[in-house]
Every structure is written in C-alpha cells, then in structure tokens.
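Chemist: Got a structure for you, questions after.
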Amino acid sequence: MTINSVSVKQVTFGKQPAIVIAGPCSIESEEHIFKEAQALKAAGVDMIRAGAYKPRTSPHAFQGLGFEGVKYLRAAADSVHLPMVTEVLSEYDVEKLIDLVDMFQVGSRNMYNYQLLKLLGQAGKPVLLKRGFSATLKEWEMAGQYLMSEGKASVVYCERGIRSFQDETRNTLDLAGAILLQAKTKQPVIIDPSHASGRRDLILPLSKAALAANISGVMIEVHHNPDQAWTDAAQTIDYSLLDQLMKECQPWLTSN
Numbered sequence: 001m002t003i004n005s006v007s008v009k010q011v012t013f014g015k016q017p018a019i020v021i022a023g024p025c026s027i028e029s030e031e032h033i034f035k036e037a038q039a040l041k042a043a044g045v046d047m048i049r050a051g052a053y054k055p056r057t058s059p060h061a062f063q064g065l066g067f068e069g070v071k072y073l074r075a076a077a078d079s080v081h082l083p084m085v086t087e088v089l090s091e092y093d094v095e096k097l098i099d100l101v102d103m104f105q106v107g108s109r110n111m112y113n114y115q116l117l118k119l120l121g122q123a124g125k126p127v128l129l130k131r132g133f134s135a136t137l138k139e140w141e142m143a144g145q146y147l148m149s150e151g152k153a154s155v156v157y158c159e160r161g162i163r164s165f166q167d168e169t170r171n172t173l174d175l176a177g178a179i180l181l182q183a184k185t186k187q188p189v190i191i192d193p194s195h196a197s198g199r200r201d202l203i204l205p206l207s208k209a210a211l212a213a214n215i216s217g218v219m220i221e222v223h224h225n226p227d228q229a230w231t232d233a234a235q236t237i238d239y240s241l242l243d244q245l246m247k248e249c250q251p252w253l254t255s256n
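Structural data, given as structure tokens:
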C-alpha cells in the first residue's frame, strides 16, 4: 500500500523506515531540554517532541513554560540537528509560533477546534493531528480534511488512545482504527503508546505491535528521571528502555 509522504525537514513520514518521535512531556527548563535533546540524538530518534503549552485537566497543575519554552525547544533541537514538534493550543498562538516550529501538534482536546484547524491549514506547516479521545474514525478523518482543504498543510494522524469502560490503562489503543484510517486516507498514521496506555511497561509492546502492522511511526514520552518528571511521570520511560525499544524495533526502523 502506498502512503502519501509528509516531510518535516530531513524526516519523511509514510515511507520506510518508520519514524520515532520522542522527548519529555513538558519542557521544564532551558537546561533540561538541552540535556534531553543530547540524549535523544544519541539514542537515534528522528524527531524531538516536548510540550510548552500544557492543556491540563486541573487549572492548578503545571501549565507549561509557554512561548519561552518553545524558544528553548527550538534552540535545543537545532543544537542536535533534529526537527521538532510541539502543541499549539490556540489560534492566537499560531502566528507567533510559525517561525519557530517545524511541525505543529493539535492535541486531542483541540481536534474539534475547527477555527484552529482552518488557520493551521493556511499556515503551510505540517501538522500532527491527535485523535480526540471520544472521536469516531470519521470525525478524526474529517478533522484532517479541515487542515488539508486549505491547500497548504500536510497531515500526519496520531492515534493516542480512546476512552473506554476499563480503568487498567489511561486510555485504550485503537490499533485497528489506526490501520483502517491509514489505509483509507493514504495519509501517515502514527501511534502514541504513552497516552494510549498511561503505563511505561506497555510502551514497548504497543510500539512493536503498531510497527509490525505497518503503522508509520511512534511518539514516546522520555525523561532522564521519569519518576521526577513534572507531568505524565507514570507513562514516561527512561533512556535505558528507549535504547531497548530502538533495538527491538530495529527491523521497522531500517530501510529494507
């Protein structure tokens, strides 16, 4: 099956090999993100992810470093010559971020924010579109159409788990849905096993399952000291587990 390619600097989604995006949930300081960037580069990942604007369930939780955090991420990514992706929460932030980011991320809460989608569709940057945690495949697909119908955006879909009745995991990975959407739209689909499971012990098996099913990549939360991470500690892995993941997933991370 031929998948449309989406390029972010030197990285291309939709072609072999699969893409690994990794990084901390939150940018905690300038020193922190530079340290993580060096380790991510050494681990062999393709892109850096990190959040500066954090849509938290509680208004009392850490909300991110905002615009300053994005500038730290930009400098850290440049220092190791890797592209980066970060989330934009509001249409009011697009203009000031457009010259800093390589790829915009639309989080699950904003999948239905059609004004934001339209604006990003006009911005000319590739977009990583996360599935809303209660969204049907049709709704997720159409959110991507909002982006692409403006004529300037290329889209990578990201399955990050849907809400179900069970509570052993944070969400439930809909791998079947991800496979179906990639086949139907011919756009690259990646998975986020960190948010899909909420458990670091499930990151590796979920990643292997997705890559074996020809999903176009994975996005993983990584931190030097996961238990001390300011956000999403339980679903964040350390670099020893990232190294293990890179080794065990090597068949899909090397061009045939």
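Taken in order, the sequence shown gives residues 1 to 256; the numbers are from the UniProt record's numbering. Glycine residues also receive a C-beta, built at the ideal position from the N, C-alpha and C atoms.
1) Taking all protein chains shown into account, decide if residue 53 is buried (16 or more other Cβ within 10 angstroms of its Cβ) or exposed.
2) Could you tell me the alpha carbon to alpha carbon distance between residue 245 and residue 33, rounded to whole angstroms?
3) By Cβ distance below 6 Å, which residues in the same chain neighbour residue 12 in space, the five residues on each side in sequence not counted?
4) Can you tell me whether residue 177 is helix, strand or coil according to DSSP?
5) Taking only runs that begin and end inside the segment 137 to 161, name each unbroken alpha helix (DSSP H) of 4 or more residues, in chain order.
6) If you compare alpha carbons, which of 146, 120, 198 is closest to residue 173?
7) Since I believe residue 85 is in contact with residue 47 (beta carbons under 8 Å), could you give me their beta-carbon distance rounded to a whole number of angstroms?
8) Identify every residue that forms a DSSP beta bridge with residue 197.
9) Can you give me the Cβ contacts of residue 116 inside the same chain, cut-off strictly under 8 Å, excluding the 5 residues immediately before and after it?
10) For residue 56, count neighbouring C-beta atoms within 10 Å of its own C-beta (all shown protein chains included) and say buried if the count is 16 or more, exposed if not.
11) Looking at residue 62 and residue 26, is the spacing between their C-beta atoms short of 8 Å?
Modeler: Once the coordinates are examined:
1) Looking up residue 53 in the sequence shown gives position 53. If you draw a 10 Å sphere on the C-beta of residue 53, you find 16 or more other C-beta atoms in it, and that means buried.
2) Taking the sequence shown and counting its residues from 1, one reaches residue 245 at position 245. Taking the sequence shown and counting its residues from 1, one reaches residue 33 at position 33. One C-alpha to the other measures close to 21 Å.
3) Start at 1 with the first residue of the sequence shown, and residue 12 comes out as number 12. Close CB contacts of residue 12 within its chain, under the 6 Å cut and outside five residues either way in sequence, are with 5 (chain order).
4) Reading the sequence shown from its first residue, position 177 is the one you call residue 177. The DSSP-derived three-state label of residue 177 is helix.
5) DSSP runs (the alpha helix (DSSP H)) wholly in the segment 137 to 161: 137 to 148.
6) Here residue 173 is taken as the residue at index 173 of the sequence shown, counted from 1. Shortest Cα-Cα distance from residue 173 to any of 146, 120, 198 involves 198.
7) The sequence position of residue 47 within the sequence shown is 47, counting from 1. The sequence position of residue 85 within the sequence shown is 85, counting from 1. About 6 Å separates the beta carbons of residue 47 and residue 85, which is inside the 8 Å limit, making them a contact pair.
8) Against the sequence shown, residue 197 aligns to sequence position 197. Under DSSP, residue 197 shares a beta bridge with no residue.
9) Counting from 1 along the sequence shown, the entry for residue 116 is found at position 116. Sequence-distant Cβ neighbours of residue 116 in its own chain, meaning closer than 8 Å and more than five residues away, are 88, 90, 91, 94, 106, 110.
10) Counting from 1 along the sequence shown, the entry for residue 56 is found at position 56. Exposed, since its Cβ has fewer than 16 Cβ neighbours within 10 Å.
11) Here residue 26 refers to the residue found at position 26 when the sequence shown is read from its first residue. Here residue 62 refers to the residue found at position 62 when the sequence shown is read from its first residue. Yes, these two residues count as a Cβ contact at 8 Å.
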